[in-house]
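Each residue of the sequence shown is one higher than the last, beginning at 4 in the working numbering. Since the structure comes first, as structure tokens, the remarks are kept for the end.
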Amino acid sequence: MYEAVHAHPDGAATAARFAATAARMGYDGVVIRARETAPDYPAVGEASGIDVVDAVEIVASDPERASGAVGGLRPDHTLLCVRGGTDRLNRFAVEQERIDVLTRPMAGDGDVNHVLANCAAENGVRIEFDFGPVLRTTGGERVRALRDLRKLRELVADADAPFVVSANPASHLELRAPRELVAVGEAVGFDAETVRAGLREWGELAARNRHRQSDSFVEPGVERGRYDG
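Following this line, the structure appears as structure tokens:
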């Protein structure tokens with residue numbers, strides 16, 4: 004299982020600290036959502052003993068700016084995420100096959116409906132279940148976060164849309180072991196295996212994209228043989 008984290012300077016902890024902490028918690032890997040940093044991923048992975056995935060999370064004010072960033076950054080990263088939080092950004096993200104994950108879709112003024120969930124399913128865009136607000140807020144804010152997660156769970160299930168799970172930690176102190184995230188998920192109505200599948204999906208997505216970036220890949224279902232020019 005994998006967790007997707009926000010490393011320094013986007014977060015408070017370095018990629019190395021995140022990886023070491025995640026390894027102790029039993030994760031198989033971490034996805035580093037970098038916006039302004041490029042750690043030595045192989046070195047961090049070797050030191051921690053787990054897989055370290057280079058990713059970028061695009062944070063834009065509108066789809067036009069997000070689109071330009073997607074075009075410029077897609078070739079340079081194993082995973083590409085777009086942060087939602089408005090209806091326009093959410094719609095933009097699920098319509099783009101080049102985008103791997105729509106993150107924080109229910110944040111701010113963002114919402115998801117059946118149309119967007121079905122679009123995500125058609126284009127293979129993973130929708131993120133963000134457990135962070137449930138873990139780190141109280142009172143009415145936490146109640147809203149629980150309600151949003153329940154709604155999103157039903158929409159994703161009805162559409163059979165792909166998904167990932169994350170606590171969105173910005174510090175190694177915000178990392179939670181898989182069993183803790185399972186407990187949060189069960190409070191919302193997820194079964195334990197669904198939460199685990201959402202954590203594994205980060206790693207499976209990274210493996211797929213790494214293969215697509217390899218020299219042997221031509222297109223889905225087509226590989227270049229050793230004697231091909």
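Even for Gly, the Cβ is constructed at its ideal location relative to N, Cα and C.
On a CA-only basis, which of E6, A23, A180, I102 is nearest A69? Give me that one, please.
Translated into the one-based positions of the sequence shown, residue 69 becomes position 66. Restricting attention to E6, A23, A180, I102, the CA atom closest to the CA of A69 is found in I102.
Among the residues of its own chain, which have a CB less than 8 Å from the CB of F95, if the five just before and after it don't count?
One-based indexing of the sequence shown puts residue 95 at position 92. For F95, where only same-chain residues beyond five positions count, the Cβ hits under 8 Å are P66, A69, S70, V85.
Report the rounded CA-to-CA distance for K154 versus G192, giving the unit in angstroms.
Here residue 154 is taken as the residue at index 151 of the sequence shown, counted from 1. Here residue 192 is taken as the residue at index 189 of the sequence shown, counted from 1. Approximately 10 Å, taken between the alpha carbons.
Following the continuous alpha helix (DSSP H) through T17, name the residue where it begins and the one where it ends.
For the purposes of this step, residue 17 is taken as residue 14 along the sequence shown, with counting starting at 1. Taken as a continuous stretch (DSSP letters only), T17 belongs to no alpha helix (DSSP H), as it is neither H nor E.
Going by beta-carbon coordinates alone, are L82 and V104 separated by less than 8 Å?
Position 79 of the sequence shown, counted from the start, is the residue given in the question as residue 82. Position 101 of the sequence shown, counted from the start, is the residue given in the question as residue 104. Yes.
Going by beta-carbon coordinates alone, are P172 and E6 separated by less than 8 Å?
Mapped onto the sequence shown, residue 172 falls at position 169. Mapped onto the sequence shown, residue 6 falls at position 3. Between P172 and E6, the C-beta spacing is below 8 Å.
Where R206 falls, given that 16 or more other Cβ within 10 Å makes a residue buried
Here residue 206 refers to the residue found at position 203 of the sequence shown. Sequence inspection shows Gly at residue 206; the Arg mentioned does not correspond to that position. With 16 or more other Cβ atoms within 10 Å, it is buried.
Hey, is R156's beta-carbon within less than 8 Å of any beta-carbon in chain D?
Absent from the structure is chain D; it holds one protein chain and no more.
Is the distance from the Cβ of G111 to the Cβ of G88 below 8 Å?
Looking up residue 111 in the sequence shown gives position 108. Looking up residue 88 in the sequence shown gives position 85. Against a cut-off of 8 Å, the Cβ pair of G88 and G111 comes out as a contact.
Tell me which residue opens and which closes the beta strand (DSSP E) that L138 is part of.
In the sequence shown, residue 138 corresponds to position 135, counting from 1. No beta strand (DSSP E) holds L138; the alpha helix (DSSP H) holding it covers 135-139.
If I measure Cβ to Cβ from T24 and keep anything under 7 Å in the same chain, skipping five residues before and after, which residues do I get?
Along the sequence shown, read from residue 1 onward, the residue named residue 24 stands at position 21. Around T24: H175, L178.
Can you tell me whether DSSP reads D57 as helix, strand or coil?
Residue mapping note: residue 57 aligns to position 54 of the sequence shown, counting from 1. Strand, per DSSP.
Quick check on DSSP: helix, strand or coil for R86?
Looking up residue 86 in the sequence shown gives position 83. Residue state, collapsed to three classes: strand.
Leaving out five residues on either side along the sequence, give the residues of the same chain with a beta carbon under 6 Å from the beta carbon of Y44.
Position 41 of the sequence shown holds residue 44. These residues qualify, in order along the chain: V55, D57.
Pull up the DSSP beta-bridge partners for E131, would you.
Here residue 131 is taken as the residue at index 128 of the sequence shown, counted from 1. In the DSSP output, where bridge partners are listed per residue, E131 has V167.
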